[in-house]
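J.:
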Amino acid sequence: MPAQGFCRSSIVVHPVDQNDPNNYRTISQSETSKIMTNTPLPFDALRPFKSKAEEFTPRDTIPWETQAEQFLRYETAEGFMGLRPLPEIEAHVAWLVEHLALPPGAAILDLGCGPGLYSNRLAKHGYRVTGIDIAQPLLDYAQAEAREQGLTSVYRRLSIFDLPYQAEFEAVLLINSIAKCLTQVALEAVLRKIHTALKPGGHLICEFAPQPDGFDLQEPTVTESISFLAQSPWHNSFHAWMIRELTFPSGGERVTHHLILGPDGQPAEYWSRFCLYSIPVLTDLLSACGFQVRTVFGQTPSRPLEVTDNVCFVWAQRDG
Ligand SMILES: C[S@@+](CC[C@H](N)C(=O)[O-])C[C@H]1O[C@@H](n2cnc3c(N)ncnc32)[C@H](O)[C@@H]1O
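Shown next as structure tokens:
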């Protein structure tokens, strides 16, 4: 059953085409379509029509902590499957170093640091970085990397909702984090804690899911893509991973729905439900929490936000 009721629906099927022979199994187009037509996997049963974002609740069901060990198995030269490619992270770090221009030894707090890909790179520039996350295996990985490379970064198991810090940091990062899932009330509470954690004049670099000017879709939309993988952060044997992106413009929300179907027919599904914020709403919210917005940029630093960007970065500064 197609996702009826949605407009601009599209489906992309890609047989696996990555280069790592241990991780991926390349399958032909004909094999792909055979799987799609003959599969005993209950794709259709798992693609229920949901017409409102509220039907996908709660907001984030990615099992960060329990999936972390499996996630860490899929490290390649390009990075971890599911996180940003390393060259992109390196470009972000270079931008942070150049534009924040923090003094040597400045203290940085990385919220939802994961395996420390940003934190340890910043520590290499001589900053004192603290990374916090709820997934202990990711923190252990980050700390081991820091130790091996002789870096001073420290990692702590702590939720972004429970920040205990007071005027300790020159900069706070909220990058590729669950901030995108937060409602305005929850986001405001987190921003107030970040404000308390920052020194006066301290910097906040925060990533959001934007609702840019010109975002004029009237109807919900869905796009779907399916990959067939030998292994992935989700599963250790051959499986299908469908990603559905559903946008609900009137509610200002986007849902990413992951369907994982293994050969045993045992399905698993997870989703993230993002709030889309317009820049004026974000600016007002940050201002109410004691920040001045310095600049907003698009998917990559150094270029303005575009209508097609799924993420945006906001650089704000705590009032002095
Ligand atoms: C997509 S990963 C990004 C990791 C890292 N920021 C990066 O870009 O490489 C999101 C991270 O947020 C963490 N996370 C989820 N909920 C959290 C919470 N309440 N407090 C702190 N971290 C959280 C997850 O464990 C995961 O490591």
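Residue numbers (our numbering): 308 to 627.
Note that beta-carbon positions come from the ideal geometry of N, C-alpha and C, so glycine has one too.
Keep in mind that this is a model prediction, so the values were computed, not measured.
1. Report, in whole angstroms, the separation of the C-beta atoms of PHE476 and LYS506, which I expect to be a contact under 8 Å.
2. Please report how far the alpha carbon of GLY597 lies from the alpha carbon of PRO587, in whole angstroms.
3. Could you please give the first and the last residue of the uninterrupted beta strand (DSSP E) stretch that includes TRP622?
4. Classify GLN525 as helix, strand or coil using the three-state DSSP reduction.
5. Suppose you measure from the CA of LEU390 to the CA of ASP626; what does that come to, to the nearest Å?
6. Please determine, among LEU593, GLU395, PRO365, GLU613, the residue with the shortest C-alpha to C-alpha distance to ALA512.
7. Work out the CA separation of TRP622 and PRO540 for me, nearest whole Å.
8. Measuring alpha carbon to alpha carbon, tell me which of GLU455, GLY508, PRO517 ends up nearest PRO611.
9. Within the chosen definition, does the stretch 441–449 reach the stretch 460–473 through at least 3 CB pairs nearer than 8 Å?
10. Can you tell me the Cβ-Cβ gap for ALA478 and HIS510, rounded? I've got them flagged as a contact below 8 Å.
11. Runs of 3 residues minimum, wholly inside the stretch 483–551: which ones carry the beta strand (DSSP E) assignment?
12. Using 10 angstroms around the beta-carbon of CYS619, count the other beta-carbons present and answer buried if the total reaches 16, otherwise exposed.
13. Determine whether the beta carbon atoms of PHE581 and ARG551 lie at a separation below 8 Å.
14. Assign LYS357 to buried or exposed, taking buried as 16 or more other Cβ atoms, counted over all protein chains shown, within 10 Å of its Cβ.
15. Tell me the rounded alpha-carbon separation between VAL600 and GLN624.
16. What do you reckon, is the C-beta of SER557 under 7 Å from a heavy atom of ligand 1?
17. Looking at the structure shown, is PRO394 part of a helix, part of a strand, or coil, going by DSSP?
18. Given this structure, state the Cα-to-Cα distance separating GLU613 from THR490, to the nearest angstrom.
19. Run the proximity test for TRP402: is its beta-carbon closer than 7 Å to any non-hydrogen atom belonging to ligand 1?
20. Hey, quick one: how far does the beta strand (DSSP E) through ASP591 stretch, first residue to last?
21. Measuring straight from C-alpha to C-alpha, what distance separates GLU452 and LEU446?
22. Taking TRP402 as the reference, which of ARG366, THR602, SER484, SER609 has the closest Cα?
23. Nearest-angstrom Cα distance between ARG366 and CYS488?
24. In the structure shown, what three-state DSSP assignment does THR615 receive?
25. When you measure from the CB of ASN427 to every non-hydrogen atom of ligand 1, does any distance come out below 7 Å?
26. Is it the case that the CB of SER539 approaches a heavy atom of ligand 1 more closely than 7 Å?
27. Alpha carbon to alpha carbon, what distance is there between TYR434 and LYS500?
T.: Reading off the structure:
1. 6 Å
2. 15 Å
3. 619–625
4. coil
5. Those two C-alpha atoms are separated by around 32 Å.
6. Note that residue 512 is Ile in the sequence shown here, rather than Ala. For the residues LEU593, GLU395, PRO365, GLU613, the minimum Cα distance to ILE512 belongs to LEU593.
7. 31 Å
8. PRO517
9. yes
10. 4 Å
11. 505–517, 528–536
12. buried
13. no
14. buried
15. 6 Å
16. No, ligand 1 has no heavy atom inside 7 Å of this Cβ.
17. helix
18. 23 Å
19. No.
20. Bounds of any beta strand (DSSP E) do not take in ASP591; it lies within the alpha helix (DSSP H) bounded by 586–595.
21. 10 Å
22. The residue among ARG366, THR602, SER484, SER609 with its C-alpha nearest the C-alpha of TRP402 is SER609.
23. 6 Å
24. Correct three-state label for THR615: coil.
25. Closer than 7 Å to some heavy atom of ligand 1: that does not describe the Cβ of ASN427.
26. no
27. 22 Å
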